[in-house]
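*Asks:* Numbering (the working numbering), first residue to last: 1142 to 1348. Glycine residues also receive a C-beta, built at the ideal position from the N, C-alpha and C atoms. Everything numeric in this text was worked out from a predicted model, so none of it was measured. Quick one: this structure, given as structure tokens, is what I'll be asking you about.
Next comes the structure, spelled out in structure tokens:
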């Protein structure tokens, strides 16, 4: 009787499309997961014909378990990394908001602390905001004393975005402006304020 030539089943090649522009850490995690899954497929397809069904099932189950464990580990690390990024962003935003709130409160208190002061918003003119090399917003003020005697001024200048949202505030003191005379000062933000920034007089008193 003629013997048929023995042929060995060639395990199918397992390919995986690389993730699109993931970070190095994520690429390594995903690649490890794909490799583990591929290992399970190769074991399933490449068991020799001389092994028993129980042996094949045992090897296949082991390979699948390893692949599942690797996938779970990768998912856990990705979730942890994502949580850290989100938490870091949230903390930075909260910190910036707290700083802005503290600056606005301090500027308001500086004006409110002047006892017996007279409203002087009409005496203050504000020029357009510029951004300095340090990232701080700044605006020049011109104070004109329309009174009949010399006055000192305390001015709360508010910095807002294009929609009018209050971003920061500072208090500026202008010393002894003679009656009928003008003086100039520069107000600077406490925070870095990118984008469109405007300035307006929130409050001003003379005393």
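In the DSSP assignment, find the unbroken beta strand (DSSP E) run with residue 1290 in it and report its ends.
*Replies:* Your numbering for residue 1290 matches position 149 in the chain shown. It is not in any beta strand (DSSP E) - residue 1290 carries neither H nor E in the DSSP assignment.
*Asks:* In the DSSP output, which residue or residues are listed as bridge partners for residue 1337?
*Replies:* Numbered from its first residue, the chain shown carries residue 1337 at position 196. None, per the DSSP bridge assignment.
*Asks:* Within the same chain, show all residues whose beta-carbon is closer than 7 Å to that of residue 1320, passing over the 5 residues directly before and after it, in chain order.
*Replies:* As a working note, residue 1320 is residue 179 in the chain shown. Excluding positions up to five away in sequence, the list reads 1286, 1288, 1289, 1290 and 1291.
*Asks:* What's the C-alpha gap between residue 1335 and residue 1272?
*Replies:* Against the chain shown, residue 1335 aligns to sequence position 194. Against the chain shown, residue 1272 aligns to sequence position 131. Roughly 8 Å separates the two Cα atoms.
*Asks:* Does DSSP put residue 1275 in a helix, in a strand, or in coil?
*Replies:* Within the chain shown, residue 1275 is the residue found at index 134, counting from 1. It is coil, neither helix nor strand.
*Asks:* So, under 8 Å CB-CB, residue 1328 and residue 1340 are touching, yes? Tell me the CB distance rounded to an integer number of Å.
*Replies:* The residue given as residue 1328 occupies position 187 in the chain shown. The residue given as residue 1340 occupies position 199 in the chain shown. So it is a contact: roughly 7 Å between Cβ atoms.
*Asks:* Rounded to whole angstroms, what is the Cα-Cα separation between residue 1330 and residue 1274?
*Replies:* Position 189 of the chain shown, counted from the first residue, corresponds to residue 1330. Position 133 of the chain shown, counted from the first residue, corresponds to residue 1274. So the two alpha carbons sit approximately 13 Å from each other.
*Asks:* Can you give me the Cβ contacts of residue 1172 inside the same chain, cut-off strictly under 6 Å, excluding the 5 residues immediately before and after it?
*Replies:* By 1-based counting over the chain shown, the position of residue 1172 is 31. For residue 1172, the predicted model reports a pLDDT of 47, less than 50, meaning its position is unreliable; a value from the coordinates is still stated below. Cβ neighbours of residue 1172 beyond the five flanking positions: none.
*Asks:* In the DSSP assignment, the beta strand (DSSP E) including residue 1316 goes from what residue to what residue?
*Replies:* By one-based count along the chain shown, residue 1316 stands at place 175. Segment 1307-1318, the beta strand (DSSP E) holding residue 1316.
*Asks:* Can you find at least 3 beta carbon pairs, one from the stretch 1243-1258 and one from the stretch 1292-1299, that sit closer than 8 Å?
*Replies:* A contact exists between the stretch 1243-1258 and the stretch 1292-1299.
*Asks:* Nearest by alpha-carbon distance to residue 1311: which of 1241, 1237 and 1303 is it?
*Replies:* Residue 1311 sits at position 170 when you count from the first residue of the chain shown. Residue 1241 is the option with its Cα nearest to residue 1311.
*Asks:* Report the three-state DSSP secondary structure of residue 1246 (helix, strand or coil).
*Replies:* As a first step, residue 1246 is located in the chain shown; it is residue number 105 there, counting from the start. Residue 1246 falls in the helix class under three-state DSSP.
*Asks:* Grab me the residues of residue 1326's own chain with a C-beta within less than 6 Å of its C-beta, minus the 5 sequence neighbours each way, in chain order.
*Replies:* Position 185 of the chain shown, counted from the start, is the residue given in the question as residue 1326. Around residue 1326: 1282, 1313 and 1315.
*Asks:* Helix, strand or coil, according to DSSP, for residue 1270 in the structure here?
*Replies:* In the chain shown, the residue the question calls residue 1270 occupies position 129. Three-state DSSP puts residue 1270 in coil, outside helix and strand.
*Asks:* Which of the three DSSP states is assigned to residue 1223 in this structure?
*Replies:* Position 82 of the chain shown, counting from 1, holds the residue named residue 1223. Any reading at residue 1223 must be qualified, since the residue scores a pLDDT of 43, below 50, and its modelled position is unreliable; the value itself is stated next. Correct three-state label for residue 1223: helix.
*Asks:* With a threshold of 16 other CB atoms inside 10 Å of the CB of residue 1301, please say whether the residue is buried or exposed.
*Replies:* Translated into the one-based positions of the chain shown, residue 1301 becomes position 160. Looking at its Cβ environment, which holds 16 or more other Cβ atoms inside 10 Å, residue 1301 is buried.
*Asks:* Helix, strand or coil: how does DSSP classify residue 1297 here?
*Replies:* As a first step, residue 1297 must be located in the chain shown, where it is residue number 156. In this structure, residue 1297 counts as strand in the three-state DSSP scheme.
*Asks:* Per DSSP, residue 1281 forms a beta bridge with which residues?
*Replies:* In the chain shown, residue 1281 corresponds to position 140, counting from 1. In DSSP, residue 1281 forms a bridge with 1327.
*Asks:* Given that a residue counts as buried once 16 or more other Cβ atoms are within 10 Å of its Cβ, and exposed if not, what is residue 1259?
*Replies:* If you number the chain shown from 1, residue 1259 lands on position 118. So residue 1259 ends up on the exposed side.
*Asks:* On the three-state DSSP scale, how would you describe residue 1264?
*Replies:* Position 123 of the chain shown holds residue 1264. If DSSP states are grouped into helix, strand and coil, residue 1264 belongs with the helices.
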